[in-house]
Amino acid sequence: MQVVGYETDGASGSPDTDGDSERAPTAEADGPIGGGLYVASGGSVDYVDAGPGTELAFGLGERRCAGTVHEGDHIACDASDAPYCDDHSHVWVCARCTGTCLKDEMDCHETHAMYLAAFAPDVLKVGVTREWRLGTRLREQGADRAAHIRTFPNGRIAREVEAELAAGDDLVDRVRVPTKLDGFGRAVDDTAWEALLGRFDPIDRFDFDYGLDLDERPVAETMAAGTVRGWKGRV
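Heads up, the final residue of the sequence shown is numbered 286 in the numbering used here, and it's a clean run with no missing numbers.
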């Protein structure tokens with residue numbers, strides 16, 4: 052048995068904001084989100100609900116490549132690289148874009164939103180996503196705070212500006228899972244966050260609550276056993 056994927060219902064609607072106001076009010080998140088695991092066994096893949104309150108009892112072995120799923124069947128891989136080995140890694144080409152399109156023909160003509168996101172305690176990120184997907188994108192990353200700061204007519208222009216901002220010393224354009232784990236149970240550095248926002252004129256602000264209510268920082272274990280408290284991004 053192997054966990055080969057996951058899914059979260061991380062969508063979060065953003066309330067309407069008053070375009071004439073100097074700064075939009077903070078948008079409260081919708082609280083805990085649910086999720087589930089895709090578990091492979093004997094070539095088949097089953098979805099296991101893992102929403103808050105669910106009891107799990109999986110003992111997991113050493114991590115290895117999740118392999119691939121083809122027409123509903125799991126094709127295992129023995130490579131030790133996790134979550135995927137080089138043969139099974141697929142990086143979305145647009146994620147590498149810095150304003151010069153890497154496709155044969157540019158197709159990112161949808162309106163894009165640029166956002167700032169804070170990950171406890173003090174990691175500050177700049178990113179872009181299709182505007183209609185903003186709330187989902189923020190929650191699926193596990194951001195603690197966020198702000199929509201600019202809107203662009205297409206993805207090329209948005210990613211060009213993103214690359215310029217990420218080249219500075221105070222912003223990154225990606226946050227790895229170990230960094231997110233290090234922030235569990237810790238508070239966002241409000242001084243640094245507000246200082247960053249002071250350089251922009253936020254269109255919308257978000258303060259997320261994932262419903263975890265941690266009394267102390269969790270300890271990472273290679274198992275999926277116990278009562279699910281909630282999901283925060285990939286963890």
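We put the beta carbon where it would ideally sit given N, CA and C, even for glycine.
Item                                                                                                                                                                               : Value
Residues in the same chain with beta-carbon distance under 7 Å from S140, minus the five sequence neighbours each way, listed in chain order, please.                              : none
Just curious, the beta strand (DSSP E) that D124 is in, first and last residue?                                                                                                    : D124 to I126
Taking the continuous beta strand (DSSP E) assigned at R256, which residues delimit it?                                                                                            : D255 to D258
Do you know how far the Cα of D260 is from the Cα of G281?                                                                                                                         : 10 Å
Do three or more CB pairs link the stretch 156-176 to the stretch 194-202 at distances below 8 Å?                                                                                  : yes
I'd like to confirm the pairing. Which residues does DSSP put opposite E58 in its beta bridges?                                                                                    : G87
Count the other CB atoms within 10 Å of the CB of P253; is the residue buried (16 or more) or exposed (fewer)?                                                                     : buried
If you run the structure through DSSP and keep just helix, strand and coil, what is H199?                                                                                          : strand
Please report the distance separating the alpha-carbon of Q272 from that of S95.                                                                                                   : Residue 272 is actually Glu in this sequence, not Gln. Computed Cα separation, rounded: 26 Å.
Does the beta-carbon of P269 have 16 or more other beta-carbons within 10 angstroms, so that it is buried, or is it exposed?                                                       : exposed
Roughly how many angstroms lie between the CA atoms of E191 and G86, to the nearest whole one?                                                                                     : 11 Å
From what residue to what residue does the beta strand (DSSP E) around L167 run?                                                                                                   : H163 to F170
Looking only at its chain, what residues have a beta carbon closer than 8 Å to the beta carbon of C136, apart from the 5 residues adjacent to it on each side?                     : C116, C128 and A130
Could you check what DSSP says for R268 in three-state terms: helix, strand or coil?                                                                                               : coil
Which of helix, strand or coil does DSSP assign to A75?                                                                                                                            : For A75, the predicted model reports a pLDDT of 36, less than 50, meaning its position is unreliable; a value from the coordinates is still stated below. If DSSP states are grouped into helix, strand and coil, A75 belongs with coil.
Beta strand (DSSP E) containing D100: first to last residue?                                                                                                                       : S95 to D100
Using DSSP with H/G/I as helix, E/B as strand and the rest coil, what is A276?                                                                                                     : strand
Return helix, strand or coil for E211, following the three-state DSSP convention.                                                                                                  : helix
To the nearest angstrom, how far is it from the Cα of L216 to the Cα of D138?                                                                                                      : 32 Å
Might you give, ordered along the chain, the residues of its own chain that have their beta carbon closer than 6 Å to the beta carbon of P134, omitting 5 neighbours on each side? : A117
Less than 7 Å between the beta carbons of V279 and P103, yes or no?                                                                                                                : yes
With a Cβ-Cβ cutoff of 7 Å, do I200 and F251 count as a contact?                                                                                                                   : yes
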